[in-house]
Each structure stands twice: as structure tokens, then as C-alpha cells.
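Chains as they are written, first to last, in UniProt numbering: chain A, 1 to 298; chain H, 1 to 298; chain Y, 1 to 298; chain Z, 1 to 298.
Each remark here refers to the structure printed beneath this line.
Protein chains: 4
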Amino acid sequence: MEVHVKQNRSAREPQDNRARMLISCPDGPGIVAAVSQFLYEHGANIVQSDQYTMDPDGGMFFMRVEFDLPQLADNLESLQQSFEQIAGRFQMKWTINQVSRKKRLAIFVSKEDHCLVELLWHWQAGDLDAEIAMVVSNHNDMRSYVESFGIPFHHIPVTADTKQEAERRQLEVIGSDIDVIVLARYMQIISPSFIEHYRNRIINIHHSFLPAFVGGKPYAQAYNRGVKIIGATAHYVTEELDGGPIIEQDVQRVSHSDNVNELKRIGRTIERVVLARAVQWHVEDRILVHQNKTVVFN
Amino acid sequence: MEVHVKQNRSAREPQDNRARMLISCPDGPGIVAAVSQFLYEHGANIVQSDQYTMDPDGGMFFMRVEFDLPQLADNLESLQQSFEQIAGRFQMKWTINQVSRKKRLAIFVSKEDHCLVELLWHWQAGDLDAEIAMVVSNHNDMRSYVESFGIPFHHIPVTADTKQEAERRQLEVIGSDIDVIVLARYMQIISPSFIEHYRNRIINIHHSFLPAFVGGKPYAQAYNRGVKIIGATAHYVTEELDGGPIIEQDVQRVSHSDNVNELKRIGRTIERVVLARAVQWHVEDRILVHQNKTVVFN
Amino acid sequence: MEVHVKQNRSAREPQDNRARMLISCPDGPGIVAAVSQFLYEHGANIVQSDQYTMDPDGGMFFMRVEFDLPQLADNLESLQQSFEQIAGRFQMKWTINQVSRKKRLAIFVSKEDHCLVELLWHWQAGDLDAEIAMVVSNHNDMRSYVESFGIPFHHIPVTADTKQEAERRQLEVIGSDIDVIVLARYMQIISPSFIEHYRNRIINIHHSFLPAFVGGKPYAQAYNRGVKIIGATAHYVTEELDGGPIIEQDVQRVSHSDNVNELKRIGRTIERVVLARAVQWHVEDRILVHQNKTVVFN
Amino acid sequence: MEVHVKQNRSAREPQDNRARMLISCPDGPGIVAAVSQFLYEHGANIVQSDQYTMDPDGGMFFMRVEFDLPQLADNLESLQQSFEQIAGRFQMKWTINQVSRKKRLAIFVSKEDHCLVELLWHWQAGDLDAEIAMVVSNHNDMRSYVESFGIPFHHIPVTADTKQEAERRQLEVIGSDIDVIVLARYMQIISPSFIEHYRNRIINIHHSFLPAFVGGKPYAQAYNRGVKIIGATAHYVTEELDGGPIIEQDVQRVSHSDNVNELKRIGRTIERVVLARAVQWHVEDRILVHQNKTVVFN
Numbered sequence: 001m002e003v004h005v006k007q008n009r010s011a012r013e014p015q016d017n018r019a020r021m022l023i024s025c026p027d028g029p030g031i032v033a034a035v036s037q038f039l040y041e042h043g044a045n046i047v048q049s050d051q052y053t054m055d056p057d058g059g060m061f062f063m064r065v066e067f068d069l070p071q072l073a074d075n076l077e078s079l080q081q082s083f084e085q086i087a088g089r090f091q092m093k094w095t096i097n098q099v100s101r102k103k104r105l106a107i108f109v110s111k112e113d114h115c116l117v118e119l120l121w122h123w124q125a126g127d128l129d130a131e132i133a134m135v136v137s138n139h140n141d142m143r144s145y146v147e148s149f150g151i152p153f154h155h156i157p158v159t160a161d162t163k164q165e166a167e168r169r170q171l172e173v174i175g176s177d178i179d180v181i182v183l184a185r186y187m188q189i190i191s192p193s194f195i196e197h198y199r200n201r202i203i204n205i206h207h208s209f210l211p212a213f214v215g216g217k218p219y220a221q222a223y224n225r226g227v228k229i230i231g232a233t234a235h236y237v238t239e240e241l242d243g244g245p246i247i248e249q250d251v252q253r254v255s256h257s258d259n260v261n262e263l264k265r266i267g268r269t270i271e272r273v274v275l276a277r278a279v280q281w282h283v284e285d286r287i288l289v290h291q292n293k294t295v296v297f298n
Numbered sequence: 001m002e003v004h005v006k007q008n009r010s011a012r013e014p015q016d017n018r019a020r021m022l023i024s025c026p027d028g029p030g031i032v033a034a035v036s037q038f039l040y041e042h043g044a045n046i047v048q049s050d051q052y053t054m055d056p057d058g059g060m061f062f063m064r065v066e067f068d069l070p071q072l073a074d075n076l077e078s079l080q081q082s083f084e085q086i087a088g089r090f091q092m093k094w095t096i097n098q099v100s101r102k103k104r105l106a107i108f109v110s111k112e113d114h115c116l117v118e119l120l121w122h123w124q125a126g127d128l129d130a131e132i133a134m135v136v137s138n139h140n141d142m143r144s145y146v147e148s149f150g151i152p153f154h155h156i157p158v159t160a161d162t163k164q165e166a167e168r169r170q171l172e173v174i175g176s177d178i179d180v181i182v183l184a185r186y187m188q189i190i191s192p193s194f195i196e197h198y199r200n201r202i203i204n205i206h207h208s209f210l211p212a213f214v215g216g217k218p219y220a221q222a223y224n225r226g227v228k229i230i231g232a233t234a235h236y237v238t239e240e241l242d243g244g245p246i247i248e249q250d251v252q253r254v255s256h257s258d259n260v261n262e263l264k265r266i267g268r269t270i271e272r273v274v275l276a277r278a279v280q281w282h283v284e285d286r287i288l289v290h291q292n293k294t295v296v297f298n
Numbered sequence: 001m002e003v004h005v006k007q008n009r010s011a012r013e014p015q016d017n018r019a020r021m022l023i024s025c026p027d028g029p030g031i032v033a034a035v036s037q038f039l040y041e042h043g044a045n046i047v048q049s050d051q052y053t054m055d056p057d058g059g060m061f062f063m064r065v066e067f068d069l070p071q072l073a074d075n076l077e078s079l080q081q082s083f084e085q086i087a088g089r090f091q092m093k094w095t096i097n098q099v100s101r102k103k104r105l106a107i108f109v110s111k112e113d114h115c116l117v118e119l120l121w122h123w124q125a126g127d128l129d130a131e132i133a134m135v136v137s138n139h140n141d142m143r144s145y146v147e148s149f150g151i152p153f154h155h156i157p158v159t160a161d162t163k164q165e166a167e168r169r170q171l172e173v174i175g176s177d178i179d180v181i182v183l184a185r186y187m188q189i190i191s192p193s194f195i196e197h198y199r200n201r202i203i204n205i206h207h208s209f210l211p212a213f214v215g216g217k218p219y220a221q222a223y224n225r226g227v228k229i230i231g232a233t234a235h236y237v238t239e240e241l242d243g244g245p246i247i248e249q250d251v252q253r254v255s256h257s258d259n260v261n262e263l264k265r266i267g268r269t270i271e272r273v274v275l276a277r278a279v280q281w282h283v284e285d286r287i288l289v290h291q292n293k294t295v296v297f298n
Numbered sequence: 001m002e003v004h005v006k007q008n009r010s011a012r013e014p015q016d017n018r019a020r021m022l023i024s025c026p027d028g029p030g031i032v033a034a035v036s037q038f039l040y041e042h043g044a045n046i047v048q049s050d051q052y053t054m055d056p057d058g059g060m061f062f063m064r065v066e067f068d069l070p071q072l073a074d075n076l077e078s079l080q081q082s083f084e085q086i087a088g089r090f091q092m093k094w095t096i097n098q099v100s101r102k103k104r105l106a107i108f109v110s111k112e113d114h115c116l117v118e119l120l121w122h123w124q125a126g127d128l129d130a131e132i133a134m135v136v137s138n139h140n141d142m143r144s145y146v147e148s149f150g151i152p153f154h155h156i157p158v159t160a161d162t163k164q165e166a167e168r169r170q171l172e173v174i175g176s177d178i179d180v181i182v183l184a185r186y187m188q189i190i191s192p193s194f195i196e197h198y199r200n201r202i203i204n205i206h207h208s209f210l211p212a213f214v215g216g217k218p219y220a221q222a223y224n225r226g227v228k229i230i231g232a233t234a235h236y237v238t239e240e241l242d243g244g245p246i247i248e249q250d251v252q253r254v255s256h257s258d259n260v261n262e263l264k265r266i267g268r269t270i271e272r273v274v275l276a277r278a279v280q281w282h283v284e285d286r287i288l289v290h291q292n293k294t295v296v297f298n
């Protein structure tokens with residue numbers, strides 16, 4: 001099993017001195033100047049920079065800066081402290097993340113494995129620059145598969161009666177240093193209090209149709225109305241079921257001759273591709289959330 | 001204005017002897033054999049044939065046959081009479097249309113012209129093999145544009161009070177020989193009694209989103225939730241608003257940086273492309289409707 | 001490892017009595033009638049039927065019929081013998097395959113695993129209705145991964161000097177009952193004599209660009225010209241390198257900000273999706289080849 | 001004809017004080033800081049800003065800034081003069097354009113009208129924020145159509161013998177204040193000396209296939225190899241035929257049942273959509289060219 005247990009093989013060069021800065025604040029004159037001047041004065045070299053203003057007249061301003069700073073590890077803390085002054089002046093919400101400090105993922109899964117397999121393949125191929133810290137499931141089916149990659153697997157059954165206790169145990173195994181939770185076809189509703197712990201850090205994937213179908217058996221409904229396109233939506237989880245900020249979507253054409261099983265099969269491939277993109281963008285600090293909307297700098 | 005008033009310039013060869021047959025019936029053994037044997041014995045040569053069975057166990061069967069028959073014009077009526085026996089045996093709903101007899105369209109439009117312009121361009125380029133018999137509008141804005149193509153234009157205003165009378169006048173100008181009505185962004189709801197006259201012969205286009213947004217201002221809602229894909233759906237009009245059988249759909253990617261106006265602009269291009277495809281498939285007898293679903297042989 | 005070694009779990013119902021017929025012949029009157037009449041008289045029920053005539057005036061005719069026949073296993077041989085007469089009359093090339101007799105695949109792979117992983121996932125998910133009889137590689141890297149699925153793995157090194165001998169050994173391990181060979185990023189050129197053994201039964205995948213780039217380092221060339229779309233093409237292998245009949249293609253949008261590594265990463269996902277579709281269509285007898293072109297009834 | 005001759009109806013608010021700045025220069029520390037600080041100090045408010053560095057180690061740097069400056073018309077010249085110092089320091093190629101000063105287009109066309117019709121529709125709908133100053137054609141067919149929009153039409157025939165003289169006359173009618181030339185299916189090769197006058201300001205559209213086909217009759221070649229996807233590429237014209245920097249590309253799926261005429265018809269719709277996007281991005285100053293590659297900030 002040596003192929004499986006080895007760590008992911010990144011083709012990327014070491015980026016020990018690279019960092020990413022994310023900023024949201026009310027728009028106003030001088031923000032870009034202040035941030036770029038600050039970085040310049042501290043010896044940082046901007047590698048990539050994206051800005052977006054939602055509405056030029058009094059809207060929100062969003063910025064992502066990728067920069068290199070010599071001896072980043074030693075200097076990051078003082079850089080962050082110095083930045084407090086600018087952040088305060090413009091009422092910024094902001095983060096600076098070291099690229100070399102990989103984000104830690106917990107993947108939640110139930111019985112369908114297609115999204116899990118996709119994420120593990122991307123991870124193993126070096127295309128998902130993150131650490132998969134654990135897989136949590138309400139079923140035991142995936143244990144040996146997950147463990148063959150050397151990844152811890154936690155089986156936490158969930159029933160209507162034990163839901164609260166199950167979430168308590170989930171939070172326990174997750175601990176305090178998981179950056180993002182990926183619901184890779186995890187078929188349980190997450191409680192508001194759990195969501196509150198991981199606001200804009202839980203990513204879910206669900207099928208989507210053009211136009212939409214409300215209620216149960218959406219693939220059967222889609223088949224019955226003869227849709228020509230099916231899709232999937234990756235989004236952050238909020239208290240409104242499947243109603244959180246959209247990160248990514250994609251579609252594929254289908255025809256009358258695709259039966260419900262074939263629609264589901266096609267849907268699985270869209271789901272795993274869309275979820276993998278959304279997770280990648282999250283771990284690369286490409287997503288900012290404002291109200292119920294994402295700004296994705298990709 | 002000689003460019004405008006000349007008829008559409010078809011690049012197609014004359015197909016005087018070509019016909020298209022559409023069949024829907026309960027599935028059962030021997031249907032394809034009976035139909036193809038019938039055509040063979042009557043001297044017809046099958047050019048293209050498509051079949052589809054919705055459910056092998058007792059579902060519906062759909063068939064489209066394109067065939068050449070020498071002296072079609074003289075022989076069509078007797079061919080149709082002879083076919084009655086087979087049709088009766090298998091409880092078929094069926095039609096046989098001469099390709100050279102172009103379908104007659106009435107286009108309904110309000111103030112937005114993008115779908116109308118697209119249809120006229122396809123028609124003029126010889127890509128829409130139909131006769132545009134008239135344009136009907138509740139506004140007078142498009143009159144000179146439409147008339148420059150030599151197409152009759154009927155202005156029939158509609159208000160809440162005059163709706164019933166307006167529909168009566170619409171039916172009057174349409175007369176008895178229009179094959180299909182295209183709602184090219186016609187912003188009035190069609191009454192059930194009008195729909196009944198043109199069951200599965202009124203084509204509408206509307207914007208669609210992934211996932212869907214219920215209620216008013218859908219583009220604003222889509223913008224507020226940061227959708228990454230917008231689309232359009234062409235469908236036959238039924239009593240359920242925007243709920244009829246889907247003919248065609250398509251989408252385009254958008255991003256957070258597209259504002260509501262830009263989403264609408266992109267939406268217009270998807271709408272006109274999707275509507276043009278749906279109309280083309282209808283006039284080429286490629287669409288069969290069963291319950292709330294289309295079978296499109298394209 | 002129980003997840004891995006278990007066979008693929010098909011969600012499909014048993015289709016013991018279902019068969020698929022593929023026909024190519026010069027077009028002429030009466031073919032559909034003769035075939036469908038033949039099947040009807042032998043007690044077969046046509047489930048799906050597709051025809052296509054390349055050129056109504058003297059072109060080729062292609063047909064795919066899916067049918068159910070009671071006691072198929074017992075009756076297939078006599079059905080085939082009876083069909084010889086019709087086949088002779090119309091100069092048909094034809095096959096009838098039992099759906100329950102799964103096609104046997106040999107997958108060839110070098111060092112890149114993305115296409116192999118995709119095929120194994122589809123197979124394990126029950127979406128690839130075939131038997132993966134073996135994996136053959138010129139490297140040993142994938143052995144433990146492949147064997148964890150219970151699939152035999154053959155390591156046959158290839159060098160410029162040993163190429164002929166290597167192909168001899170490949171043919172030996174393949175034996176006489178492999179239906180199709182899938183080159184899942186197998187980075188060796190196949191010799192004409194090998195191709196001759198498996199005419200239209202070797203499927204390859206390669207990257208494709210819009211427009212095209214001739215010569216080495218295509219991703220670097222594509223990057224240097226700033227392509228906005230990259231794609232992949234699955235095709236049957238012929239003596240002309242990457243020039244055989246195209247089975248399937250797909251694309252994804254990219255932008256100036258995707259560097260060569262990112263283009264390659266995106267390319268890998270397109271390659272595996274496109275190859276998986278092509279293999280599925282092949283094993284479902286959906287592809288007919290005429291000269292350098294496929295007819296795909298999907 | 002009042003619909004036609006009226007100017008395009010822009011839904012946009014007046015943007016009298018908005019400008020767009022485009023910068024290309026070798027990358028180095030402090031560029032973003034210097035530019036944004038400069039704009040801030042001159043009272044400009046950055047509305048949108050995009051940067052891209054081709055290669056963090058010594059590559060090129062590209063920047064687009066959209067900003068509002070009070071009394072822009074009065075202040076633009078002094079702003080530009082002041083900027084010279086920064087531009088010199090970083091060896092910048094740069095422009096600042098007033099948004100309210102619409103770019104002037106000359107459209108070249110031959111006999112196929114689909115791209116011309118598309119551009120005129122976008123222009124009339126207010127979606128193409130430019131002035132269409134003239135249409136130049138080597139044929140007279142489009143005269144009345146173009147003139148019905150109130151746009152001057154110049155018929156300049158071209159033959160092998162008169163090519164040089166024809167280009168001289170074209171340059172004459174174009175005059176000195178055309179910003180961009182759009183080849184809307186203009187079927188003549190442009191000479192190097194003409195190209196030199198309008199370096200990176202002549203936009204062409206041509207069909208593209210996956211993979212590519214060299215030589216004549218590309219649609220026939222594509223049909224013969226059974227391509228599953230056809231596309232179009234909009235690019236700047238260089239001395240290498242169809243080899244200039246790509247601005248935009250798009251594709252559509254086709255199948256074996258689409259004959260050469262249908263491929264061409266589908267191709268026309270892709271061409272006009274792709275060309276319209278490319279022209280729009282050009283007139284909105286979204287495109288920077290470096291060597292044979294574009295950076296498109298859209």
C-alpha cells in the first residue's frame with residue numbers, strides 16, 4: 001500500500017516566504033494606496049493583487065493580495081501588529097495567511113463516496129494544497145478506504161435521538177485547529193449552533209437544476225419535466241438549508257434519453273468537480289463572503 | 001432597403017419530396033417494424049429515423065422518421081389514409097408534414113427586441129426554415145423595423161381591463177393557419193382559453209438560474225446570492241406559469257464582478273440563442289410532447 | 001481492504017435478455033423495415049433504436065438497436081445465424097452483443113494515474129459496466145494500488161531497444177479475450193502491427209487546444225499564446241499519431257492567470273472525464289466507426 | 001425607419017468623471033503602491049483595480065485601474081503629465097482613457113453579415129459602448145442595411161491587382177481618429193504595412209476546432225473526422241495569419257448528425273458571440289497585449 005500512505009506529492013516549489021492577505025471593508029478613497037504602500041515599506045513584493053468594489057457609491061470593498069516577504073515566518077507577527085493601524089482606520093475585516101501553513105480539513109461523508117474519492121485524489125496528486133486531518137462519517141463503510149491513505153477516520157453514528165450528542169462528539173474529534181469542514185455528500189442537517197462555530201468555513205455540495213425543483217426527489221422531478229441541463233452548487237452552509245453563499249457552480253447537458261439513474265450518475269461527476277474547485281479556492285484564500293454572497297478571486 | 005425586404009435566402013437544396021413523420025403511442029412489439037415496412041412498401045426511403053421508449057415496461061414510445069417519397073405532393077394524402085390502419089392498431093398520435101410546406105409563425109413581442117432581432121436574422125440568413133407570417137405586439141415600437149422586412153405588424157394594446165378583448169383580436173389577426181406562436185419576450189400572461197387553442201404550439205423563453213429564485217427581480221436575487229451561472233429556458237406554454245415542457249436550455253458563467261445590468265445583458269444573449277434553437281427544432285418537427293416533458297430528436 | 005476488493009456494485013437491474021445490435025452498410029431502401037421486421041418475427045422487443053444516414057444519396061447507413069429477447073442466451077446463436085441472410089442482402093457489417101456479457105478491458109498506463117483512478121472509480125461505483133481484466137504498465141508504480149482492487153497488474157518495461165519484444169509480451173498477457181484496450185495516459189507509441197490486432201478497439205486520450213499547437217510542450221505553447229479554452233480528445237488509435245476517429249471531446253475555460261502547471265492540472269480533469277465517457281460509450285456498443293469518423297448514438 | 005437611425009440607447013448612467021488606466025511594465029517592488037498613492041494624492045477614487053504578474057521572478061506586470069476623478073475633463077491632461085514621472089521610474093507603457101470618450105470603430109465586412117448584424121444589435125441595444133464610425137466592405141451588399149442605421153458605408157472593391165491601392169483608399173476613409181478596426185468576416189488578408197498602422201487594434205474572428213485542421217475547407221475536414229466540439233477564436237491581427245494574440249474563444253457541442261452546412265450554421269453563432277465579447281472588452285480597455293498573449297481583465 002505504499003502508494004496510498006505516502007503524503008501528497010506537490011509539484012509546487014516551496015513558498016516559505018509567500019503570504020495571502022484578505023480584506024473586506026466599506027469602500028473609500030485611499031485603501032489600495034494605504035495597503036500597497038504599507039506592504040512596500042515593510043519590504044513585501046506583491047505577486048498578485050485583486051480588488052473589487054461592490055458599488056462605487058458607498059458599497060463594500062474587497063481585496064486579496066498575494067505577496068512575498070523575506071523571512072516571513074519571523075516577520076509575520078510584527079507585520080500583522082503594524083497592520084492593525086491601517087485596518088482600524090478603514091474598519092477592515094482582514095487576515096494574513098502563510099501559504100506554507102497548509103489549511104487543515106475535516107471531511108464529513110455518509111455513504112456516497114464520489115466526492116470523498118475526488119478530494120483524496122486531488123490531495124494525493126498534489127493539486128489540493130491542504131492537510132486532510134480526518135474523515136468523519138455517520139457510517140463505517142469508508143473506514144478502510146480512508147485509513148489506507150493514512151488519514152484518521154471517525155465513525156460517529158447519527159440518529160434523530162442522538163443528533164445533539166453526535167454533534168458534540170463531532171466537535172470533540174475536530175478539536176480546535178480545523179480550518180474548514182467539507183460536507184462531501186454528508187446527508188445530515190447541521191444544527192445552527194454547529195454552524196455558528198464554523199461560520200463560512202463549512203462547504204456543502206448539492207445538485208441544482210435549471211429551472212429549480214422544490215421538494216423531494218429532485219432528479220425524478222427534473223426527469224419528469226425533461227430538463228436539458230443539470231448542475232451542482234457548492235456553497236457555505238448557513239442556517240437556511242442549501243441557501244448559503246454560492247462558491248461555485250457547473251452544469252452538463254442531458255437529454256430526454258437519460259433516465260433518472262443516468263441523471264444521478266452525471267450529477268455525481270458534476271458534484272465532485274464543483275466541490276473540488278470550491279475547496280481548492282477556499283484553501284487558497286480566494287473567497288471573501290459578504291452577506292449572502294461570495295467574491296471569488298480566481 | 002432591398003436587403004431587408006427580400007425573402008430569406010436558403011442554402012438548402014429543394015426538398016420537395018421529403019416528409020417528416022412524428023408518432024407517439026404506448027410501447028409494444030412490432031411498432032418500428034410496422035412503420036418501416038409500411039414506408040418501404042409505399043416506396044418511401046427513410047433518410048433519418050429516431051425512436052425512444054420512455055420505459056421499456058409499458059411506457060410510451062416516440063418516433064420521428066424523415067423520408068423521401070417520389071411525387072410526395074401527389075401521394076401524401078393517400079399515404080396518410082393508408083397509414084390510418086397502422087395508427088389505429090397501435091393507438092398512435094401522429095402527423096406527417098411536408099418539409100417544403102414551411103410552418104407559419106406568429107411572433108409576439110413587447111418592448112425588448114433582442115429575441116425578435118435574433119429570429120429575424122436567422123430567418124433572413126436562411127437558417128430558420130419557416131415563414132414569419134406576422135409580428136403581434138402590445139406596443140408599437142417595433143413597427144417600422146418589422147415592416148422593413150416586409151412582415152405584417154399588428155399593434156394590439158393590452159391593459160388589465162382590455163385583456164379579454166385583446167386576446168380576441170389577437171386570435172382574429174392570427175386566423176386559422178398559424179402553426180406556432182413564439183413569445184419573444186412578450187410580457188403578458190396568456191389566458192388558459194388562448195393556450196387551449198394552441199396546445200404545445202406556443203413557445204416561450206424565460207431566464208433561469210442555478211439554483212432557482214422565486215418571486216420578483218430574479219436577476220437582483222441572483223446577484224445578491226452571487227450565482228456563478230445564469231441561463232435561459234425555452235418551453236411550451238401551459239396553464240402553469242413558466243412550468244410547461246422544457247424544449248431547450250443553456251447557460252453562461254458569470255462572476256461576482258458582473259452587476260445586475262451586466263447579468264441582464266448576458267441573459268439577453270442566452271435567451272435569444274436558446275429561443276432560436278427551440279423555434280428551429282419545432283419547425284423541423286423534432287419535438288414530441290408527452291405529459292409535461294419533451295422528447296427532442298436533434 | 002474490503003471496500004477495495006469487492007466487485008463493482010451495479011445499481012442496474014439484471015438485463016439477461018437484453019442485446020445490442022450494431023449495423024453499418026451502404027444506404028438503400030428497406031433496411032430499417034427488414035431489420036425491425038426480422039426482430040419482430042423472432043419475438044424480440046425493440047427498446048431503443050437509432051439510425052443515421054451519412055448522405056441520403058448513396059451514403060453509409062448506421063443503426064443501433066437495443067432489444068429484449070426471451071431466453072436470449074439460448075436463442076442468440078440461432079438469431080445470429082438467421083440474420084446472416086438479411087446481412088448479406090444489404091452488405092452489412094454487424095454485431096449482436098449480449099448486455100449481460102460484460103466487455104473485458106485492459107488498461108495501459110505509465111506514470112500519471114489520473115485517468116486510471118477515474119476509470120477504477122467509475123467501475124467500482126457501478127457506472128462502468130465492464131470487467132477490468134488487467135492493468136499493463138511500463139512502470140511498476142501503480143502495482144499496489146491496482147492490486148488493492150483485486151485486479152491483475154503486469155509490469156512490462158519498454159525501452160527503444162526492447163519495444164518489439166515488449167509489445168510481444170503485452171499481446172501475450174492480453175491473450176485472446178480482451179475486447180478493448182484503454183490507453184490511460186500510456187506514453188508509448190503503439191506499433192502498426194499491434195494496432196492492426198485491435199482495430200477500433202484501442203482508445204487513447206490526449207490534450208487538445210483551440211486553436212491547435214503543433215510540436216512539443218503544447219501546454220507551454222498554449223500558455224504563451226494565452227488560450228482561453230483547453231480541452232481533451234478521446235479517439236481510437238490509428239497509424240496516424242493522435243489522428244484517429246474522435247469519440248468524445250470536452251473543454252474548460254482558462255484565463256491568462258493560469259500558469260502552465262495550472263493548465264496541466266485543469267487538463268488532467270478534462271482528460272479523465274472525457275476518457276471515462278468514451279470508454280463507457282464503447283462498452284455500451286454506442287460507437288460505430290466509418291473511415292476516420294465515429295457515429296456515437298448516446 | 002426611426003428605430004434604426006436613432007442612436008444606441010445606453011442604460012448606463014453618465015460616467016463623465018470615470019477613467020481607465022492600463023499599465024504594462026517589468027515587475028518590481030512598489031508599483032501598486034506608487035500608482036495607488038499617486039491616484040489618491042490627485043483626488044481620484046479607485047473603483048476597480050486588477051493586477052497580474054506573469055512570473056514573480058522578473059516577469060512582466062500588468063495593471064488596469066478604473067477610477068473617478070472630479071472634473072475629469074479639466075484635470076486629465078495635468079494628471080497625465082504628472083504621471084510621467086512614475087511611468088518613467090518603472091519603464092511603463094501606459095494609457096489613461098476617459099470612459100465618456102467613446103472609442104471609434106471601423107467595421108470591415110465582406111459578404112457574410114452575421115458578425116456585422118450582431119455588432120450593430122449590441123450597439124443599438126446600448127450594450128456596446130462605442131461609436132461605429134463606418135463600415136468598409138469589398139462588396140456593396142450591406143450598403144442599405146448599414147445606412148439604415150445612419151452609419152456611413154464605404155464600398156472599396158479589392159482584387160489581386162488592386163489590393164495595394166484598395167488598402168491605400170481604406171486608410172484614407174479611415175482617417176486618423178479610428179481606435180479599432182473589427183474584421184467582421186472580412187475575407188481579405190491585411191498587409192503587414194496596414195497591420196503596422198493598427199498594431200493590436202485590428203480584431204479578427206475565425207473558426208477553430210478541437211483538435212485543429214490545417215489547410216482549406218476546415219468545416220469539411222472537421223466533419224470528416226467527426227469532431228464533437230466546434231469553436232471560434234477572436235484575436236488581434238498580426239503578420240502571422242490567424243496567429244495573433246487570442247482575446248476570446250468559445251465552443252459548442254456538435255454530433256455526427258450535423259452535416260457541413262449545419263456545422264457552418266452553428267459556427268456562425270459562435271463567431272458572432274465571441275467577436276462581440278472581444279470587441280466589448282477592447283472598447284472597455286480590458287485587454288493588455290504582451291508579446292503574443294493577452295491579459296484580459298474581465
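We treat Cβ as the ideally placed atom computed from N, Cα and C, and that holds for glycine.
CA-CA distance, His42/Y to Leu79/Y, rounds to 8 Å. Chain H places a beta carbon closer than 8 Å to that of Leu210/A, counting this residue as a contact. Non-local C-beta neighbours of Met60/A in its own chain, meaning closer than 8 Å and more than five positions away in sequence, comprise Ser24, Cys25, Pro26, Asp27, Thr53, Met54, His290, ordered along the chain.
The DSSP-derived three-state label of Thr269/H is helix. Any Cβ of chain Z closer than 8 Å to the Cβ of Lys217/Y would place that residue at the interface, and such an atom is absent. Rounded to whole angstroms, the gap between the alpha carbons of Pro152/Y and Glu248/Y is 28 Å. In terms of beta-carbon proximity, Val296/A stays away from the interface with chain Y, with every pair separated by 8 Å or more. Taking one beta carbon from each stretch, the region 101 to 111 of chain Z and the region 132 to 140 of chain Z have 3 or more pairs nearer than 8 Å; the two touch. The DSSP-derived three-state label of Glu167/Y is helix.
Pro245/H counts as buried, since no fewer than 16 other beta carbons sit within 10 angstroms of its beta carbon. Gln249/Z reaches chain Y at Leu210, Val227, Lys228, Ile229, counting residues in chain order whose Cβ is nearer than 8 Å.
For the region 191 to 237 of chain H, the continuous beta strand (DSSP E) assignments of 3+ residues that do not extend past its boundaries occur at 202 to 209, 229 to 236, in sequence order. At a cut-off of 8 Å, the C-beta of Asp127/H has a neighbouring C-beta in chain Z. Residue state for Val99/Z is assigned as coil, using DSSP reduced to three classes.
Residue nearest to Val283/Z within the set Trp94/Z, Arg104/Z, Glu239/Z is Arg104/Z (criterion: CA-CA distance).
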